[in-house]
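Numbering (numbering that gives the first Met the number 0), first residue to last: 0 to 428.
Glycine included, each C-beta is placed from N, C-alpha and C at the ideal position.
Bear in mind that the values here come from a model prediction, so they are computed numbers and not experimental data.
Comments concern the structure below.
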Amino acid sequence: MKRSNSEKLYETAKNFFPGGVNSPVRAFKAVEGAPLFIKKGQGPYIWDEDDNKFIDFCCSFGPLILGHNHPEVYDNITENLQNGTSFGAPTKLENELAEIILSRNPYIDKIRFVSSGTEAVMSGIRLARGYTGKNKIIKFDGCYHGHVDSLLVKAGSGLATFGESSSAGVPENVAADTIVIPLNDESALEACFDKYKDELACAIIEPIPANNGLLLQEKSFLLKLRELCTDNNVLLFFDEVISGFRVAFSGAAEYYQITPDIVSYGKIIGGGLPVGAYGAKNHIMKSVSPDGPVYQAGTLSGNPVAMSAGIAQLTVCAQKEFYEDQEKRTKGMVEPINAYAKEKGYTFEIFTVGSIFWLAFSDKLAIRRADEIGNDMTPFKNLHKALLERGVYVGPSGYEVGFVSLVHSEEVLENAVEAFCSALDEVFG
Ligand SMILES: Cc1ncc(COP(=O)(O)O)c(C=O)c1O
Numbered sequence: 000m001k002r003s004n005s006e007k008l009y010e011t012a013k014n015f016f017p018g019g020v021n022s023p024v025r026a027f028k029a030v031e032g033a034p035l036f037i038k039k040g041q042g043p044y045i046w047d048e049d050d051n052k053f054i055d056f057c058c059s060f061g062p063l064i065l066g067h068n069h070p071e072v073y074d075n076i077t078e079n080l081q082n083g084t085s086f087g088a089p090t091k092l093e094n095e096l097a098e099i100i101l102s103r104n105p106y107i108d109k110i111r112f113v114s115s116g117t118e119a120v121m122s123g124i125r126l127a128r129g130y131t132g133k134n135k136i137i138k139f140d141g142c143y144h145g146h147v148d149s150l151l152v153k154a155g156s157g158l159a160t161f162g163e164s165s166s167a168g169v170p171e172n173v174a175a176d177t178i179v180i181p182l183n184d185e186s187a188l189e190a191c192f193d194k195y196k197d198e199l200a201c202a203i204i205e206p207i208p209a210n211n212g213l214l215l216q217e218k219s220f221l222l223k224l225r226e227l228c229t230d231n232n233v234l235l236f237f238d239e240v241i242s243g244f245r246v247a248f249s250g251a252a253e254y255y256q257i258t259p260d261i262v263s264y265g266k267i268i269g270g271g272l273p274v275g276a277y278g279a280k281n282h283i284m285k286s287v288s289p290d291g292p293v294y295q296a297g298t299l300s301g302n303p304v305a306m307s308a309g310i311a312q313l314t315v316c317a318q319k320e321f322y323e324d325q326e327k328r329t330k331g332m333v334e335p336i337n338a339y340a341k342e343k344g345y346t347f348e349i350f351t352v353g354s355i356f357w358l359a360f361s362d363k364l365a366i367r368r369a370d371e372i373g374n375d376m377t378p379f380k381n382l383h384k385a386l387l388e389r390g391v392y393v394g395p396s397g398y399e400v401g402f403v404s405l406v407h408s409e410e411v412l413e414n415a416v417e418a419f420c421s422a423l424d425e426v427f428g
């Protein structure tokens, strides 16, 4: 596979950006070679600057649930673009996107649009603290919530202790208000609530943890978390930046039928343009400025071009059977690959929910906690290379999940199955 144009662009980029990238997850540090520089995307495919064509399962790390350049998204963006790009004043497009969401979402009454998932989570945490008047938060080991200071925190030593900052630049006193506990562990959860219940503003979780592998939780654990939050006046914060509009229109809350108190969205909500949002019931949202004392603002919040992309994308997502169809096609790809790996005796399994999947080099029936994932990512590195050579692009880290879009047709997915099986033969052969 020719990669010389990407390699040259990467050399130049290294002069401009730390590590040659504008987000570390794009670097190919965990896999081989220079990052591929992408020239264009159409439907389920992307082309790099060397004109290699790939079936794209990264889908911009999740936002592109309709694939690249979907005609309805494209048309709505270009139509609204003609009216200007930003006004710093309200537009009816904000109402339109909010109406599409709120009329179908029983979990929140009001929403506030921001410009990224990180901003949504950061604002939601401030709201939780402002509303409850308490400062501490619970976070789960293996969940990622954007690069919010108080959430760039890893577990301290011992159970239910204060977290330690996991990034330079995050002061320990900020990390100290975050308590990190393992996923899917009811006794750790109970111990934490016992110790800190009067100081806790919220517990934030990816209800479908999908940033450190796909760590599907037992529903009983999520219900226990809901119960403890309710009993102790602690807000339950579902970070649905990945799962929102992905596993069901109203995300994991709808998928599991569990009601959170605060929700953050990102990715799919913006149709491929920068949009995030947070929402809650009226009694909580009335704390947000200008109605209430919790300040939060944004020059480009509710940007009309971004809103128009979100409107077009979510209108398609809201169609009947959209999510059932996504899940069916995804299973149609995952099941034959898993069957093939099993038949050949390869230690490999794809875990999946909705149209999310994760490539795991494991023979465990379930992986629900970060510490259950092995450390050796060499097999993933080899698979990544073998897949690229067979025209399949997945994110360049074994901890990232893949995404299937509306336009990954059965035929495209059959081709992907062939590529995966042959790539697995190479890796295990
Ligand atoms: C669950 C979750 N929350 C928050 C974020 C941060 O979103 P953004 O990258 O748009 O800031 C991400 C990003 O991957 C995410 O997966």
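Looking at the unbroken beta strand (DSSP E) that takes in residue i, where does it start and where does it end?
i      : result
Val304 : No beta strand (DSSP E) holds Val304; the alpha helix (DSSP H) holding it covers 303–316.
Cys201 : 199–204
Tyr264 : 261–264
Identify, in the order they occur along the chain, each residue of the same chain with its Cβ nearer than 7 angstroms to the Cβ of residue i, setting aside the five sequence neighbours on each side.
i      : result
Ser440 : In the structure displayed, the chain extends from 0 to 428; residue 440 sits before or after that span and is not available.
Asn337 : Glu348, Ile349
Asp148 : Val169, Val173
Ser166 : Leu151
Ala97  : Ile110
Tyr195 : Lys135, Ile178
Ala418 : Leu386, Arg389, Gly390, Val391
Tyr294 : Ser288
Gly129 : Ser286, Pro292, Val293
Return helix, strand or coil for residue i, following the three-state DSSP convention.
i      : result
Ser219 : helix
Thr11  : helix
Val391 : strand
Pro17  : helix
Ser22  : coil
Leu126 : helix
Leu382 : helix
Phe237 : strand
Ala422 : helix
Phe248 : coil
Phe60  : helix
His282 : helix
Gly243 : strand
Phe86  : coil
Phe139 : strand
Val287 : strand
Ala369 : helix
Gly269 : helix
Asp362 : coil
Val147 : coil
Ala209 : coil
Phe427 : helix
Could you tell me which residues DSSP pairs with residue i in its beta bridges?
i      : result
Gly275 : Val113
Tyr44  : Gln41, Ile54
Thr351 : Phe356
Val152 : Ser164
Gly401 : Phe356
Val293 : Val287
His407 : Note: His407 sits in no beta bridge, so no partner.
His67  : Gly42
Excluding the 5 residues preceding and the 5 following residue i in the sequence, name in chain order all residues of the same chain whose CB lies nearer than 6 angstroms to its CB.
i      : result
Tyr143 : Asn210
Ala369 : Asp140, Gly141, Asn211
Leu35  : Ser5, Asp47
Pro335 : Val416
Tyr264 : Glu239, Gly243, Ala276
Where do the N-terminal and C-terminal ends of the alpha helix (DSSP H) with residue i fall, by residue?
i      : result
Leu101 : 91–101
Pro70  : 70–80
Leu181 : The amino acid occupying residue 181 in the given sequence is Pro; Leu does not appear at that position. Pro181 -> not in any alpha helix (DSSP H); beta strand (DSSP E) instead, spanning 177–181.
Tyr339 : 321–343
Tyr106 : Where Tyr106 is concerned, there is no enclosing alpha helix (DSSP H), given that its DSSP letter is neither H nor E.
Leu299 : Counting along the chain, Leu299 falls outside any alpha helix (DSSP H), and DSSP gives it neither H nor E.
Leu188 : 185–195
Ala29  : From DSSP, Ala29 is part of no alpha helix (DSSP H); its letter is neither H nor E.
Glu470 : An answer regarding residue 470 cannot be provided, because it is not within the stretch 0 to 428 covered by the chain.
Quick one: does residue i have its CB under 8 angstroms from some CB of chain B?
i      : result
Gly212 : Absent from the structure: chain B. Only one protein chain is present.
What does a CB cutoff of less than 8 angstroms around residue i pick up in its chain, not counting 5 residues either side in sequence?
i      : result
Leu358 : Phe347, Ile349, Phe379, Leu382, Val393, Gly397, Gly401
Gly155 : Phe161, Gly162, Glu163, Val179
Ile37  : Ile45, Trp46, Asp47, Glu48
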